[in-house]
Amino acid sequence: MEYIDLENSLKYADSHWDQFVEDFKNLLRIPSVSTDPAYKDDVRRTAEWIRDEMVRIGLHNCRLLELGGHPAVYGDWLEAGPDRPTILTYAHYDTQPVDPLDLWITPPFDPSVRDGFIFARGAIDDKSGVHIHLKAVEAILMSTGKLPANIKFFFEGEEESGSPTIIPLIHQYKDLLQADLLVLSDGGCIDDQPYIITSTRGITSAEVKVRGPVIDLHSGSYGGVVYNPAHMVAKMIAAVHAPDGRIQIPGFYDNVRPLTPAELEYQAGLEEELLKNARLETGLDDFWGVDGYSFIERQTALPTFDVNGLFAGYQGPGTKTIIPSEAGFKVTMRLAADQDPSDICKKFTRFIKSFEQPGIQVDISTYSESRAVQCLFDGPIVDAIQAVYETTYGKRAILYRQGGSVPVMGTMQHELGIPIINLGFGNGKNGHAPNECASLKYLRLDLDTAIRVYFAYPSSVQKSNPFEPM
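Right, dumping it as structure tokens:
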């Protein structure tokens, strides 16, 4: 019976594809830029559009969840029964800003199709993730009247602005969001190669301000007798890394979980291809990092310390002979598995504060914090999804550790305590740049993939025998 249901669902998706594309364009037309307060009403309008779509396709309990920030959208269908597992699906509907606007070939919120791609802000990051899952469930419900598993949708509207209210929101609604598996689609595929993201690094960020004299001083009058805040910033940054690339903040590497032998063996097979892609993207032939580790370990498994911005003194044309009254820098630290971002912030603060001296005041502000996340790497669920990719793409997905961070993943794993599978849906480019686009060919493939995943997952596990995250 489920085979017939699957075939009917796939036929529905095929016969309604043109309408699905038009619906996607309607979603893309709403400018849901979460970082700019000028778009607050539009972000809400996007959430309401998604909620109304959930209602239209037959989901229940469809509503907006909010705690003072941009709303998340929730909807569920829980009629598969208690013997069937529950899937919680996450994606985000908000987008990056569109600047620089003059580099767009067509308006960013007026979707256009060219050369098999749909161009619009949000096309690949991440309205495609929202749309694929909505349409997969629509295809199943409209063609069969039921779903093969219990489904909960949770679509965020603050991901691109750092998810400022998502942690308390998830904590408040943790009972509502309980499930057996969390499915994310905040990834993608490269060319025709799908990816399953098996981990992301954590992150914490900070801003350091170094204050000296109360005003900028004449360097002829006070050079050599007043400590220059810009020099102190340079001294701080230079002290972070040892010649071998290791971070010298005391205790920084405490609790770092090393890769398992199986992970090391698998990742070694990806090294050459990742290096090739990195050289193409960066224009560099050689790379830097901690001695004794491979490129992929440095890129995805080890913690990092990177200065993102510096300010000090005069930046205009020509020269200005001053000792600046203040200087500073902004930094992000990517965290490995088992590192606590709060602990790292404290160690960083102690390290930077140790540079204070008479005439120099150091102020530190810390910002976003999230833990590293370990997703499913192997086991029956991964095997079932790999079989789906073999059917739709004709090949297995590459299991890939991601060096970046998805803060909501760490929050949801910590609060809900459920395993995560992060599927690479969407093939496009320019996710945070002008002329963002998504391939219609691969959106079509990913729609079939999502439908098949919703059928394959329930048969891969027994509700009475819960699986554990790897």
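Using my numbering, read the sequence shown as starting at 33 and increasing by one per residue. Ideal placement from N, C-alpha and C gives every residue a C-beta, glycine not left out.
Taking all protein chains shown into account, do 16 or more other C-beta atoms lie within 10 angstroms of the C-beta of residue 456, making it buried, or fewer, making it exposed?
The count along the sequence shown starts at 1 and reaches residue 456 at position 424. Around the beta carbon of residue 456, 16 or more other beta carbons lie within 10 angstroms, which makes this residue buried.
Using DSSP with H/G/I as helix, E/B as strand and the rest coil, what is residue 246?
In the sequence shown, counting from the first residue as 1, residue 246 sits at position 214. Three-state result, residue 246: coil.
Assigned secondary structure, residue 407 (DSSP; H/G/I helix, E/B strand, else coil)
The residue labelled residue 407 in the question sits at position 375 within the sequence shown. Here residue 407 sits in coil by DSSP.
Output the boundary residues of the alpha helix (DSSP H) element that contains residue 123.
For the purposes of this step, residue 123 is taken as residue 91 along the sequence shown, with counting starting at 1. For residue 123, there is no enclosing alpha helix (DSSP H); the enclosing beta strand (DSSP E) has its first and last residue at 118-124.
Use the C-beta contact count for residue 143: other C-beta atoms within 10 angstroms, 16 or more gives buried, fewer gives exposed.
In the sequence shown, residue 143 corresponds to position 111, counting from 1. By the neighbour-count definition (other C-beta atoms within 10 Å, threshold 16), residue 143 is a buried residue.
Residues near residue 331 in its chain [Cβ-Cβ closer than 6 Å; skip 5 each side]
Counted from its first residue, the sequence shown places residue 331 at position 299. Excluding five sequence positions before and after residue 331, the CB atoms of its chain that fall closer than 6 Å to its own CB belong to 435, given in chain order.
Could you compute how far the alpha carbon of residue 499 sits from the alpha carbon of residue 171?
Position 467 of the sequence shown, counting from 1, holds the residue named residue 499. Position 139 of the sequence shown, counting from 1, holds the residue named residue 171. Low per-residue confidence applies at residue 499: pLDDT is 36, beneath 50, and the placement is therefore not dependable, though the value from the model is reported in the following sentence. Counting only the Cα atoms, residue 171 lies some 28 Å from residue 499.
What residue range is occupied by the uninterrupted beta strand (DSSP E) comprising residue 358?
If you number the sequence shown from 1, residue 358 lands on position 326. In the DSSP assignment, residue 358 falls within the beta strand (DSSP E) that extends over 358-367.
Please state whether DSSP places residue 225 in a helix, a strand or coil.
In the sequence shown, residue 225 corresponds to position 193, counting from 1. Looking at residue 225 - three-state DSSP - the assignment turns out to be strand.
Tell me the rounded alpha-carbon separation between residue 109 and residue 478.
If you number the sequence shown from 1, residue 109 lands on position 77. If you number the sequence shown from 1, residue 478 lands on position 446. Residue 109 and residue 478: Cα-Cα distance of roughly 22 Å.
Would you call residue 464 buried or exposed, if buried means 16 or more other Cβ atoms sit within 10 Å of its Cβ?
Counted from its first residue, the sequence shown places residue 464 at position 432. So residue 464 ends up on the exposed side.
Identity of the residue in 255, 126 and 387 nearest residue 355 by Cα:
Sequence index remark: in the sequence shown, residue 355 carries index 323 (1-based). Checked all of 255, 126 and 387; the closest Cα to residue 355 is 255.
7 Å Cβ cutoff met for residue 119 and residue 198
To locate residue 119, count along the sequence shown from 1; it is residue 87. To locate residue 198, count along the sequence shown from 1; it is residue 166. With respect to the 7 Å criterion, residue 119 and residue 198 are not classified as neighbours on the basis of their beta carbons.
Counting only runs of 3+ residues fully inside the stretch 270-354, write out the beta strand (DSSP E) ranges in chain order.
Those beta strand (DSSP E) runs which fall completely within the stretch 270-354 and span 3+ residues are 338-344.
Label residue 497 either buried or exposed according to how many other C-beta atoms from any shown protein chain fall within 10 Å of its C-beta, with 16 as the threshold for buried.
Here the question's residue 497 lines up with position 465 in the sequence shown. Note on residue 497: pLDDT 38, under 50, position unreliable in the model; the coordinate value appears next. So residue 497 ends up on the exposed side.
Going by DSSP, which residues form a beta bridge with residue 215?
Taking the sequence shown and counting its residues from 1, the one referred to as residue 215 is at position 183. According to DSSP, residue 215 bridges with 121 and 453.
Along the chain, where does the beta strand (DSSP E) containing residue 398 start, and where does it finish?
Within the sequence shown, the letter at position 366 stands for residue 398. That run of the beta strand (DSSP E) goes 393-402.
Specify the secondary structure class of residue 41 as computed by DSSP and reduced to three states.
Reading the sequence shown from its first residue, position 9 is the one you call residue 41. The DSSP-derived three-state label of residue 41 is helix.
In terms of residues, what are the limits of the alpha helix (DSSP H) holding residue 109?
Numbered from its first residue, the sequence shown carries residue 109 at position 77. Note, residue 109: premise wrong, no alpha helix (DSSP H); beta strand (DSSP E) at 104-109.
Just the C-alpha distance for residue 107 and residue 384, rounded to the nearest angstrom, thanks.
As a first step, residue 107 is located in the sequence shown; it is residue number 75 there, counting from the start. As a first step, residue 384 is located in the sequence shown; it is residue number 352 there, counting from the start. Distance between the alpha carbons of residue 107 and residue 384: 46 Å.
Exposure of residue 150, with buried meaning 16 or more beta-carbon neighbours within 10 Å:
The count along the sequence shown starts at 1 and reaches residue 150 at position 118. With 16 or more other Cβ atoms inside 10 Å of its own Cβ, residue 150 counts as buried.
Buried versus exposed, by CB contacts within 10 Å (16 or more), residue 314:
Numbered from 1 along the sequence shown, position 282 holds the residue referred to as residue 314. Under a 10 Å Cβ-count criterion, residue 314 is classified as exposed, with fewer than 16 other Cβ atoms of the shown protein chains found around its own Cβ.
Does DSSP put residue 178 in a helix, in a strand, or in coil?
Position 146 of the sequence shown, counting from 1, holds the residue named residue 178. Residue 178 falls in the coil class under three-state DSSP.
Can the beta-carbon of residue 322 be found closer than 7 Å to that of residue 283?
What you label residue 322 is simply residue 290 of the sequence shown in a count that begins at 1. What you label residue 283 is simply residue 251 of the sequence shown in a count that begins at 1. In this structure, residue 283 does not lie closer than 7 Å to residue 322 by Cβ.
State the Cα-Cα distance for the pair residue 34 and residue 487, rounded to the nearest angstrom.
What you label residue 34 is simply residue 2 of the sequence shown in a count that begins at 1. What you label residue 487 is simply residue 455 of the sequence shown in a count that begins at 1. Near 8 Å, if we compare the C-alpha coordinates of residue 487 and residue 34.
Proximity winner among 95, 121 and 365, relative to residue 84 (alpha-carbon distances)
Counting from one through the sequence shown, the residue named residue 84 turns up at place 52. With distances taken between Cα atoms, residue 84 lies closest to 95.
Under 7 Å between C-beta atoms of residue 367 and residue 234:
For the purposes of this step, residue 367 is taken as the residue at position 335 of the sequence shown. For the purposes of this step, residue 234 is taken as the residue at position 202 of the sequence shown. Contact flag set, yes.
Proximity winner among 316, 369 and 185, relative to residue 87 (alpha-carbon distances)
In the sequence shown, residue 87 corresponds to position 55, counting from 1. Nearest to residue 87 by alpha-carbon distance, out of 316, 369 and 185, is 185.
Local conformation of residue 438 per DSSP, three classes:
If you number the sequence shown from 1, residue 438 lands on position 406. Reduced to three states, the DSSP call for residue 438 is coil.
Tell me which same chain residues have a C-beta within less than 7 Å of the C-beta of residue 252, skipping the five on either side of it?
Position 220 of the sequence shown, counted from the start, is the residue given in the question as residue 252. Its chain contains 353 as the residues whose beta carbon lies nearer than 7 Å to that of residue 252, once the 5 sequence neighbours on both sides are disregarded; these appear in chain order.
In whole angstroms, what is the alpha-carbon distance linking residue 203 and residue 117?
Numbered from its first residue, the sequence shown carries residue 203 at position 171. Numbered from its first residue, the sequence shown carries residue 117 at position 85. Answer to the nearest angstrom: the Cα atoms are 22 Å apart.
Where residue 95 falls: helix, strand or coil (DSSP):
As a working note, residue 95 is residue 63 in the sequence shown. For residue 95, the secondary structure class from DSSP, reduced to helix, strand or coil, is strand.
Checking the sheet assignment: what are the DSSP bridge partners for residue 471?
Start at 1 with the first residue of the sequence shown, and residue 471 comes out as number 439. Note: residue 471 sits in a beta bridge opposite 149.
Mind checking who residue 389 pairs with in its DSSP beta bridge?
Your numbering for residue 389 matches position 357 in the sequence shown. Answer is 392, bridged to residue 389.
Residue span of the alpha helix (DSSP H) that contains residue 136, given as start and end:
By one-based count along the sequence shown, residue 136 stands at place 104. DSSP places residue 136 in no alpha helix (DSSP H); its state is neither H nor E.
Verify whether the separation of the beta carbon atoms of residue 240 and residue 261 is less than 7 Å.
Taking the sequence shown and counting its residues from 1, one reaches residue 240 at position 208. Taking the sequence shown and counting its residues from 1, one reaches residue 261 at position 229. No, they are not a contact pair.
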